[in-house]
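**Q**
Number of protein chains: 2
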Amino acid sequence: MKTDPRATDRRTRGTASRGETVPTVPPAPTADAVDVTALLERGRTLATPVLRAVVDRLAPPMDTVAAYHFGWIDAQGNPADGDGGKAVRPALAVLSAEVTGAAPEAGVPGAVAVELVHNFSLLHDDLMDGDEQRRHRDTVWKIHGPAQAILVGDALFALAGEVLLELGTVEAGRAARRLTAASRALIDGQAQDISYEHRDRVSVEECLEMEGNKTGALLACASSIGAVLGGADDATADALERYGYHLGLAFQAIDDLLGIWGDPEATGKQTWSDLRQRKKSLPVVAALAAGGPASERLGEILAADAKSSDFANFSEEEFAARAALIEEAGGRDWTAEEARRQHTIAIEALGAVDMPDRVRARFTALADFVVVRKR
Amino acid sequence: MKTDPRATDRRTRGTASRGETVPTVPPAPTADAVDVTALLERGRTLATPVLRAVVDRLAPPMDTVAAYHFGWIDAQGNPADGDGGKAVRPALAVLSAEVTGAAPEAGVPGAVAVELVHNFSLLHDDLMDGDEQRRHRDTVWKIHGPAQAILVGDALFALAGEVLLELGTVEAGRAARRLTAASRALIDGQAQDISYEHRDRVSVEECLEMEGNKTGALLACASSIGAVLGGADDATADALERYGYHLGLAFQAIDDLLGIWGDPEATGKQTWSDLRQRKKSLPVVAALAAGGPASERLGEILAADAKSSDFANFSEEEFAARAALIEEAGGRDWTAEEARRQHTIAIEALGAVDMPDRVRARFTALADFVVVRKR
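Heads up: the protein sequence lines correspond to chains A and B, in order.
Plus 1 on top of the position in the first sequence (first one is 1) and you've got my numbering.
Plus 1 on top of the position in the second sequence (first one is 1) and you've got my numbering.
And the structure:
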């Protein structure tokens, strides 16, 4: 694995500052122009009604707590048209059904199951991490208390298995098995994330492994689960998982850039969000691993920060200075390059799968979208 | 449902006091005398090595935290020969495999999966309920913190699905589906339990529904999962689930008696444990529903207790007085009778299943054991 940030020194440094464009990848040439917005909308339109019906199976008050979490109601219980997120996972799940020649609808139970697992992990992670805000709203544990966050998370995780296994087919059993493996990876990733918080140094390799678990594994499952439900063989499913896994790593690299240099208006997070949380994200660990004066200075400052009792009151300028050092040490460029590298591996993985050109173009367009997004 | 505690007034009242024998059920006549201890030991012996191997798949530190929870190591990480509990569930799971003529070993993945779900729920429930002790030891959240309790609970839940679905058979898919349904019931039951804590009154029916979810559903799954893995049809599995569900209600009724009148030496709980926790368990709700002077007096006292700021400092005598009122109002006798009633329904459910006499005798003996146990 080529993870030495100094390797990026030969490239021209980006000069974008916070709020401006994060590094972009030129869209790959595709057979037809793909409307990514329509593709995301299709996944959302197909999955949401089923997701809502499944969540409605929960006994009170879990149904209400879950509806709040998904943004369907506000804290007072009034209907809301919440920000449901980018919906990349459902779009991938229904698209992957088309690999086998099935209708996108065949992927819907997979899309719903993946969304349930994703949201189970958000509910529990927000509580474990003490995060009070998600998508501009108070988190569930903040509004409804820790017990409800645990309980509703558990319930969503159980529903994910239910929605697949009640199909009663051999394919559904295979899909459930892959989803279980992805869920375990997700949990491993959260365990690593927590343990890294207590450590002074995390290597670039450790960070990538954690991000592969936390983000790659479920995107891998999303990218293949529709195909599995449609009867794809294991080799096809494995190749689609590879696409999704590396897409997930590209996704997370961009997320890590947005977590430091993203526009708060677009991301819904505070300025310098990941720095405020002392997150050992890719730009940080890459900068620390790079060596050189800026890297060493950054290491000293972050070590002092870790012991500081006044950290919560740091000014905008103090975080900006840390971000500038990360950039000077090469952490920003390296992470942008890493996103491109993972994007390339994802696209290459598609090459092993026989699928209609139209479907391949859509997978490619979704991968392009993931690395150019600003939120 | 006949749940009026006054209906028990015609029967002779037991005179046992705390620490003495709880009401017993005469063992049903069986073809051969069954050694229940050996039966429980068989389940434990078959399931534990596989359970340990599966838990060992967890990434650090989750493997250690889980090993502590199961009593395999102490808080310092030294090997321990912990109290693994009664192991009724694994015994039932491997026994149920024999219904189909399969070897008990065929039920082992089911036994392990059920134990994983059971322990997932213990980890999360102890945290939600703030319980600091389980089986004479500090609970996981108390030793390793809330995040690890959440995370390891999640991991055990995921492992449960994994251990079944990796079998890759149609039967394993059916077993996983039934286990998912049981898990959802377990979560519903915990949600009810939490909501009842905030209410002044809970009906006997509501209490039974909650106990059916919290205890009945997983014992139902344990009693049938081996048969499902062995290829039993749905009618057979459903009948075995009925046996296990009502066995679970009998089990819980006895647990509720032990929670008030059990011997602390045997149960590992404090004296008057459930009263100290203000639990609205069966004896309490039955006593409150009974009417009459003792019932009314109890209602007044518990209502005052709910508002008392000094409740934590109540003396042994004050709890003993409450227990005496519950008994006087008929709550103790009614609960003992309920255990017998559920035991009878459980045994009757076995009648619908064709199985070897030897296997039937063992199911019957396990049911008898559940209602005569003292811990």
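Every residue, glycine too, gets a C-beta built ideally from N, C-alpha and C.
Comparing the C-beta of B/Glu163 with each C-beta of chain A, is any distance below 7 angstroms?
**A** yes
**Q** Ignoring anything shorter than 4 residues, give me the alpha helix (DSSP H) runs that lie fully in the segment 183 to 234 of chain B, in order along the chain.
**A** 205 to 212 and 218 to 230
**Q** So what's A/Gln77 in DSSP terms, helix, strand or just coil?
**A** coil
**Q** Going along the chain, which residues of its own chain have a beta-carbon closer than 6 angstroms to the beta-carbon of B/Ala267, five neighbours each way excluded?
**A** Lys375 and Arg376
**Q** Over what stretch of residues does the alpha helix (DSSP H) that includes A/Asn120 continue unbroken?
**A** Val109 to Asp130
**Q** To the nearest angstrom, how far is it from the Cα of B/Asp369 to the Cα of B/Ala236?
**A** 24 angstroms
**Q** Which residues, taken in chain order from the segment 179 to 212 of chain A, show a beta carbon closer than 8 angstroms to some beta carbon of chain B?
**A** Taking 8 angstroms as the Cβ-Cβ cut-off against chain B, the residues of the segment 179 to 212 of chain A that qualify are Thr181, Ala182, Ser184, Arg185, Ile188, Asp189, Gln191, Ala192, Gln193, Ile195 and Ser196.
**Q** Can you list, in chain order, the residues of its chain whose CB lies under 6 angstroms from that of A/Gly20, leaving out five sequence neighbours each side?
**A** In this prediction, A/Gly20 scores a pLDDT of 43, lower than 50, which makes its location untrustworthy; no coordinate-derived value is stated.
**Q** Please decide whether B/His145 counts as near chain A, where near means a Cβ-Cβ distance under 7 angstroms.
**A** no
**Q** Give the interface partners of B/Pro62 over in chain A, defined as CB-CB distance under 8 angstroms, in chain order.
**A** Ala192 and Ser196
**Q** Among B/His119, B/Met63, B/Glu242 and B/Gly102, whose alpha-carbon lies nearest the alpha-carbon of B/Arg350?
**A** At residue 350 of chain B the sequence reads Ala, which differs from the Arg that was named. Measuring from the Cα of B/Ala350, the nearest candidate turns out to be B/Glu242.
**Q** For A/Asp358, which three-state DSSP category applies?
**A** Reduced to three states, the DSSP call for A/Asp358 is helix.
**Q** Inspect the CB distances between the segment 280 to 294 of chain B and the segment 307 to 321 of chain B and report whether three or more fall short of 8 angstroms.
**A** With the cut-off at 8 angstroms, the segment 280 to 294 of chain B and the segment 307 to 321 of chain B do not touch.
**Q** Does the count of Cβ pairs from the segment 184 to 192 of chain B and the segment 47 to 66 of chain A closer than 8 angstroms reach three?
**A** yes
**Q** Are there 16 or more other CB atoms within 10 angstroms of the CB of A/Lys308, so buried, or fewer, so exposed?
**A** Of the residues assessed, A/Lys308 falls on the exposed side of the cut-off, its CB having fewer than 16 other CB atoms within 10 angstroms.
**Q** Return the first residue and the last residue of the alpha helix (DSSP H) that A/Trp142 is part of.
**A** Val141 to His145
**Q** Any contact of the segment 108 to 121 of chain B with the segment 162 to 178 of chain B, i.e. 3+ C-beta pairs under 8 angstroms?
**A** Touching, yes, given that three or more Cβ pairs across the two stretches are closer than 8 angstroms.
**Q** Does chain B have any CB closer than 7 angstroms to the CB of A/Asp234?
**A** no
**Q** Could you check the C-alpha separation between A/Ala159 and B/Thr181 for me, to the nearest Å?
**A** 6 angstroms
**Q** For a test of the three-state rule: what should DSSP assign to B/Arg333, helix, strand or coil?
**A** Helix.
**Q** Which residues does DSSP list as the beta-bridge partners of B/His134?
**A** Checking the displayed sequence, the identity of residue 134 of chain B turns out to be Gln instead of His. Note: B/Gln134 sits in a beta bridge opposite B/Asp139.
**Q** Which residues of chain B have a Cβ atom closer than 8 angstroms to the Cβ of A/Glu167, listed in chain order?
**A** Chain-ordered, the chain B residues with CB closer than 8 angstroms to the CB of A/Glu167 read Arg178.
**Q** Would you check if there are 3 or more beta carbon pairs closer than 8 angstroms linking the segment 248 to 261 of chain B to the segment 122 to 135 of chain B?
**A** No, the segment 248 to 261 of chain B is not in contact with the segment 122 to 135 of chain B.
**Q** Identify the contact partners of A/Gly78 in chain B, using a Cβ-Cβ distance below 8 angstroms as the criterion.
**A** Those do not exist, as A/Gly78 stays about 16 angstroms from chain B at its closest Cβ, beyond 8 angstroms.
**Q** Listing by chain order, which chain A residues have their CB less than 9 angstroms from the CB of B/Val35?
**A** Within chain A, no residue comes near B/Val35; the closest Cβ sits about 34 angstroms away, beyond 9 angstroms.
**Q** Restricting to Cα atoms, I'd like to know which of A/Thr140, A/Lys143, A/His145 and A/Phe121 is closest to B/Asp155.
**A** A/Phe121
**Q** In this structure, does DSSP put B/Gln278 in helix, strand or coil?
**A** coil
**Q** Measure how close the beta-carbons of A/Ala251 and A/Ala347 come, nearest whole angstrom, since I'm counting them as under 8 angstroms.
**A** 6 angstroms
**Q** Leaving out the 5 sequence neighbours to the left and right, which residues in its chain are closer than 7 angstroms to A/Ala173 when beta-carbon positions are compared?
**A** Leu165, Leu166 and Leu230
**Q** Would a C-beta distance cut-off of 7 angstroms place B/Gly269 and B/Arg90 closer than the cut-off?
**A** No, the Cβ-Cβ distance between B/Gly269 and B/Arg90 is not below 7 angstroms.
**Q** Sorted by chain position, which residues of the same chain lie with C-beta nearer than 7 angstroms to B/Pro382's C-beta, five sequence neighbours on each side aside?
**A** An answer regarding residue 382 of chain B cannot be provided, because it is not within the stretch 2 to 376 covered by chain B.
**Q** Among the residues of its own chain, which have a CB less than 8 angstroms from the CB of A/Leu187, if the five just before and after it don't count?
**A** Val118, Ser122, Asn214, Lys215, Ala218 and Leu219
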